[in-house]
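Asker: The sequence shown maps to residues 1 to 696 in the UniProt record's numbering. Note that the Cβ used here is the ideal one computed from N, Cα and C, for glycine as well. I have a structure I would like to understand better, so I am pasting it below and will then ask my questions one at a time.
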Amino acid sequence: MSHDAQADNPADTTARPAVSPLEAAVEAAVEATVNAGDIARLADVGRAAVSNWRRRYEDFPQPVGGTASSPLFSLPEVEAWLRRNGKSFEVSQGDRVWQRLRASADDLRLGEVLGEVGAFLLYTLRDPDGWKRLSAAPDFAVGLPGAVAETTTDLPPRAGDATPVEPGLLRLVAGMAERNGVAGTFEFLCERYAEAHSRRLALTRPDVAALMTRLACAGARTVLDPACGMGTLLLDAAGAGGAGDEVRLLGQDANETVALLAALRLLLRGRDARVLPGDALRHDAFPLDRPMDGLGDALADAVVCDPPFNERAWGHEDLVGDPRWQYGMPPRGEPELAWVQHCLAHVRPGGLAAVLMPGAAASRRPGRRIRANLLRTGALRAVFTLAPGGPDLWLLRRPEPGERQPGAILVADAGDDPASVEAVWRAHLAKSELPRGGRTVRIIDILDDEVDVSPARHLSPRVDTRGFPAARERFLEAVAELADDVPDLEVLTGGAAGWDASWATVAEMARSGLVTIRHSTLRALPADASEGEASDGGVPDGGVPEGGVPVLTADDVAAGTAPSRRIPRAPGLVAVRPGDVVASAVTARVVAGEGAVLGPHLSLFRVDPDKVDPEFLAGFLRYAAGGGRPHLGSSRVEARRARVPQLPLAVQRTYGTAFRRLLALEDGLREAAAAGEALARLGVDGLIDGRLRPHG
């Protein structure tokens, strides 16, 4: 969805209106269904929480349709269950309309019904007086198809008869449009449709769409998207050049229903748009030998495109000798290079084309001839990697006759921020110093046997070597702190006095009341466990976060960090107190903070502080964990069998202090190793990159 999607979706669609008699009648006629995502949205929880409800509560509504992986539930039954269990929820007017719409057609025809609803909204926008007169008639549905067809002749042609829409549903849609506007209403329904069909629809990410149109469409009066999908790029292109409604938007898509939805999204916003169905490679809706209506020629000022990737059946055999292949016949396995040349053929000389490409298209061997020709003619101006693993954004410019060809191409890696390449491109155009992450590469250096234009091939590792001094300081501090944790232990020729006098297992200590043992009631973290916030105060530190409780995991105990996860409160959880010893299969630690509960595969040992030192006990439990074996099929150490010498409390504390310092030494060694690895990596990368050099 484009950024404009939210702009036309007023906040009052989330308010729950009273159910009108008409709405109640429609609900009675067609029972709405919801999926897990819908339930999560209604109850304002995560999808995992809905899965937990299904497992935990026997009275949760049973599926009434859908599939095993994507079941559907009765909306009235879900509403009743939520009320019964005291869970807050609200069904907005928009959600009620969407559920009525979805229940009126099967999944495969849902897009067609949404298209008819959009055409109806376009009719009410263009002929509000006609709709007012028609809606007053009890049999308004009889004359509605003709009225809609008469006022929406600029919509893409549809094969076959229009899919009828239940009249009561249309009245609900009209009522929603009165409150939120026709564009906002249709945008809301399109968003819900895209969510329900996310696996079938390839939608361009909003931030990527905005970037593409900003780069390619500045000042453009005509913009073409030959694989427009639901119109995301065209919606952004309308305002990218500052011309607003004066921009003419042209689109095509192989999916007839999707092309209709794209046209409606544009026309309902009052845009000058023409979207046609059809495969642009095989059946070009804007052929080069035929002028565009009112434009004088068939060329656009800018072309933006997010084409389908890896489609082998793109028409290779049928398109041999096509005049669009000015840079070479695209190989059968390189359909993306066919789209690149299609876009270049439809942009006027000097115009830009922005095309999303799979990362492999920059280096695959079959496409090297076409890439070489794009470079030699100056058509390919920049390649930007927008995310690790792709996609890449190719920025192309159709050469003007007789102009001097550039000698270099711009490459850049956006890292985690796709918008960062815009600054690189602007600096490149201004011939100023490029921001980090971008580089110009001489074309002659690329024209080898591979013709590899992938940014990773030509950019140094993305390392900020300015952090080397700080990394060096952290490493030196970590090493210096190690000495403070080394205990001064006396070497004895024989055993310590009284050491062998009396030993007891932890189980025996528990029977005598010296230790209380508790095991976690959790076999695994709940599916709705969320990331917590670790603090610097040990294991664990801080209070209970709002809406949940911190849970101490085996990883937290091993690393000596605060709880990293939190879970919903539930009965039976084992709370942890300061001074408790928590043991996993591999280690044991004394807890410093409070407010957490015991996670899976952990055991708690709460000592009598007047008779047992917790650090002393933890030291022996760590030894048992390191040398013992857990039960077969279990990750819990057999700590009950650990043997502990029975010593006076004062002596225990001296040993406990030594155990604690040795554990801190182990932790410090790990930290120093991590800091040393980071320092070495920065140093090597900086020396290779030329941004670091030895002193002297």
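(1) Relative to the alpha-carbon of Arg-569, which residue among Ala-559, Ala-585, Pro-550 has its alpha-carbon at the smallest distance?
(2) Tell me the rounded alpha-carbon separation between Cys-305 and Ala-254.
(3) Please report the residue range of the alpha helix (DSSP H) in which Met-329 lies.
(4) Is it buried or exposed, Arg-133, if we count other Cβ atoms within 10 angstroms and call 16 or more buried?
(5) Expressed to the nearest angstrom, what Euclidean distance is found between the alpha-carbon atoms of Val-26 and Leu-172?
(6) Tell me, which residues are paired with Asp-272 by DSSP?
(7) Of all the options Pro-138, Thr-654, Val-303, which has the alpha carbon lying nearest to the alpha carbon of Arg-214?
(8) If the criterion is Cβ atoms closer than 8 Å, does the pair Arg-290 and Asp-318 meet it?
(9) Counting pairs of Cβ atoms below 8 Å between the region 599-606 and the region 506-525, do you hit three or more?
(10) Considering only residues of the same chain and omitting the five flanking positions on each side of Phe-440, which have a CB-CB separation below 6 Å?
(11) Thinking C-beta only, is Ala-141 closer than 8 Å to Gly-130?
(12) Under a Cβ-count criterion, where at least 16 other Cβ atoms within 10 Å of its own Cβ denotes burial, should Gly-143 be classed as buried or exposed?
(13) Just the C-alpha distance for Leu-264 and Ala-285, rounded to the nearest angstrom, thanks.
(14) CB-CB under 7 Å to Glu-422, same chain, minus the five flanking residues each way: which ones, in chain order?
(15) Looking only at its chain, what residues have a beta carbon closer than 6 Å to the beta carbon of Pro-545, apart from the 5 residues adjacent to it on each side?
(16) Is it a yes or a no for the region 341-354 touching the region 393-407, going by three-plus beta-carbon pairs under 8 Å?
(17) Between the alpha carbons of Thr-657 and Ala-664, how many angstroms are there, rounded?
(18) Sort out for me which residues DSSP pairs Asp-225 with in a bridge.
(19) Can you tell which of Asp-236, Lys-611, Glu-671, Glu-666 has its C-alpha closest to the C-alpha of Val-644?
(20) Could you pull out every residue in the same chain whose Cβ sits closer than 7 Å to the Cβ of Gly-389, ignoring the five residues on either side in sequence?
(21) Which residue from Phe-73, Gly-595, Glu-58 puts its Cα closest to that of Asn-85?
(22) Going straight from the alpha carbon of Val-72 to that of Asp-416, what length do you get?
(23) May I ask you to report which of helix, strand or coil DSSP gives His-631?
(24) Look at the alpha carbon of Leu-114 and the alpha carbon of Gln-326, and state the distance between them as a whole number of angstroms.
(25) Can you tell which of Ala-372, Arg-653, Val-586 has the C-alpha that lies nearest to the C-alpha of Arg-622?
(26) Is Arg-606 helix, strand or coil when you go by DSSP?
(27) Can you tell me which of Pro-614, Gly-321, Gly-668 puts its alpha carbon nearest to the alpha carbon of Ala-650?
(28) Let me know if Asp-392 comes out buried or exposed under the rule of 16 or more other beta-carbons within 10 Å of its beta-carbon.
(29) Taking the alpha-carbon of Arg-371 as reference, which of Leu-447, Glu-433, Glu-150, Pro-578 has the nearest alpha-carbon?
(30) What runs of the alpha helix (DSSP H), each 4 residues or longer, lie entirely inside the region 426-491?
(31) Going by DSSP, what residues sit across from Asp-392 in a beta bridge?
(32) CB Ala-679 to CB Arg-472, shorter than 8 Å?
(33) Where in the region 60-138 do unbroken runs of the beta strand (DSSP E), each at least 3 residues long, occur, reported from the N-terminal end onward?
(34) Output the boundary residues of the beta strand (DSSP E) element that contains Val-549.
(35) Buried or exposed: which applies to His-695, given that a residue is buried once 16 or more other Cβ atoms fall within 10 Å of its Cβ?
(36) By DSSP's criteria, Pro-206 is part of a beta bridge. Which residues make up the other side?
Answerer: Judging by the given coordinates:
(1) Mapped onto the sequence shown, residue 569 falls at position 569. The option with the nearest alpha carbon to Arg-569 is Pro-550.
(2) Translated into positions along the sequence shown, residue 305 becomes position 305. Translated into positions along the sequence shown, residue 254 becomes position 254. Their Cα atoms are separated by approximately 13 Å.
(3) Translated into the one-based positions of the sequence shown, residue 329 becomes position 329. Where Met-329 is concerned, there is no enclosing alpha helix (DSSP H), given that its DSSP letter is neither H nor E.
(4) Mapped onto the sequence shown, residue 133 falls at position 133. With fewer than 16 neighbouring CB atoms inside 10 Å of its own CB, Arg-133 falls in the exposed class.
(5) Here residue 26 refers to the residue found at position 26 when the sequence shown is read from its first residue. Here residue 172 refers to the residue found at position 172 when the sequence shown is read from its first residue. In this prediction, Val-26 has a pLDDT of 42, which is less than 50 and means its spatial position is unreliable; nothing more can be read from the coordinates.
(6) For the purposes of this step, residue 272 is taken as the residue at position 272 of the sequence shown. Asp-272 pairs with Arg-248.
(7) On the sequence shown, position 214 is the one that residue 214 refers to. Residue nearest to Arg-214 within the set Pro-138, Thr-654, Val-303 is Val-303 (criterion: CA-CA distance).
(8) Counting from one through the sequence shown, the residue named residue 290 turns up at place 290. Counting from one through the sequence shown, the residue named residue 318 turns up at place 318. For Arg-290 and Asp-318, no; Cβs fall outside 8 Å.
(9) Here the region 599-606 lies against the region 506-525, with 3 or more beta-carbon pairs under 8 Å apart.
(10) Taking the sequence shown and counting its residues from 1, the one referred to as residue 440 is at position 440. The sequence shown places Thr at residue 440, not Phe. Here the set comprises Ala-408, Leu-410.
(11) Residue mapping note: residue 130 aligns to position 130 of the sequence shown, counting from 1. Residue mapping note: residue 141 aligns to position 141 of the sequence shown, counting from 1. Not closer than 8 Å, so no.
(12) Here the question's residue 143 lines up with position 143 in the sequence shown. With fewer than 16 Cβ atoms within 10 Å of its Cβ, Gly-143 is classed as exposed.
(13) Residue mapping note: residue 264 aligns to position 264 of the sequence shown, counting from 1. Residue mapping note: residue 285 aligns to position 285 of the sequence shown, counting from 1. Distance between the alpha carbons of Leu-264 and Ala-285: 18 Å.
(14) On the sequence shown, position 422 is the one that residue 422 refers to. Non-local beta-carbon contacts of Glu-422 in its own chain, meaning distances under 7 Å to residues more than five positions away in sequence, involve Leu-211, Arg-214, Leu-215 in chain order.
(15) Within the sequence shown, numbered from 1, the residue matching residue 545 stands at position 545. Bear in mind that the predicted position of Pro-545 carries a pLDDT of just 42, short of 50, making it unreliable; the figure below should be weighed with that in mind. Answer for Pro-545: Arg-566, listed in chain order.
(16) yes
(17) Here residue 657 refers to the residue found at position 657 of the sequence shown. Here residue 664 refers to the residue found at position 664 of the sequence shown. Whole-angstrom Cα-Cα distance: 11 Å.
(18) Translated into the one-based positions of the sequence shown, residue 225 becomes position 225. DSSP lists Gly-251 as partners of Asp-225.
(19) Here the question's residue 644 lines up with position 644 in the sequence shown. Nearest C-alpha to Val-644: Lys-611.
(20) Here residue 389 corresponds to residue number 389 of the sequence shown, with the count starting at 1. The answer, listed in chain order, is Gly-359.
(21) Here residue 85 corresponds to residue number 85 of the sequence shown, with the count starting at 1. Checked all of Phe-73, Gly-595, Glu-58; the closest Cα to Asn-85 is Glu-58.
(22) Position 72 of the sequence shown holds residue 72. Position 416 of the sequence shown holds residue 416. Here residue 72 is Leu; the residue named in the question, Val, does not match the sequence. Whole-angstrom Cα-Cα distance: 36 Å.
(23) For this step, residue 631 is matched to residue 631 along the sequence shown. Per-residue confidence for His-631 stands at a pLDDT of 38, beneath the threshold of 50, marking its modelled position as unreliable; no derived number is given.
(24) Position 114 of the sequence shown holds residue 114. Position 326 of the sequence shown holds residue 326. About 40 Å.
(25) Start at 1 with the first residue of the sequence shown, and residue 622 comes out as number 622. Comparing Cα positions, the closest option is Val-586.
(26) Stepping through the sequence shown from its first residue, residue 606 is reached at position 606. Reduced to three states, the DSSP call for Arg-606 is strand.
(27) Taking the first residue of the sequence shown as position 1, residue 650 is located at position 650. For Ala-650, the nearest C-alpha among the options comes from Pro-614.
(28) One-based indexing of the sequence shown puts residue 392 at position 392. Buried: at least 16 other Cβ atoms inside 10 Å.
(29) Locating residue 371 in the sequence shown gives position 371, counting from the first residue. Nearest C-alpha to Arg-371: Leu-447.
(30) 443-446, 455-458, 468-484
(31) Taking the sequence shown and counting its residues from 1, one reaches residue 392 at position 392. Paired residues: Met-357, Thr-385.
(32) Taking the first residue of the sequence shown as position 1, residue 679 is located at position 679. Taking the first residue of the sequence shown as position 1, residue 472 is located at position 472. The displayed chain sequence assigns Leu, not Ala, to residue 679. Yes, the pair counts as a contact, with Cβ atoms nearer than the cut-off.
(33) 71-74
(34) Sequence index remark: in the sequence shown, residue 549 carries index 549 (1-based). Per DSSP, Val-549 belongs to the beta strand (DSSP E) from 549-552.
(35) As a position in the sequence shown, residue 695 is number 695, starting the count at 1. It counts as exposed.
(36) Within the sequence shown, the letter at position 206 stands for residue 206. Pro-206 is not bridged to any residue.
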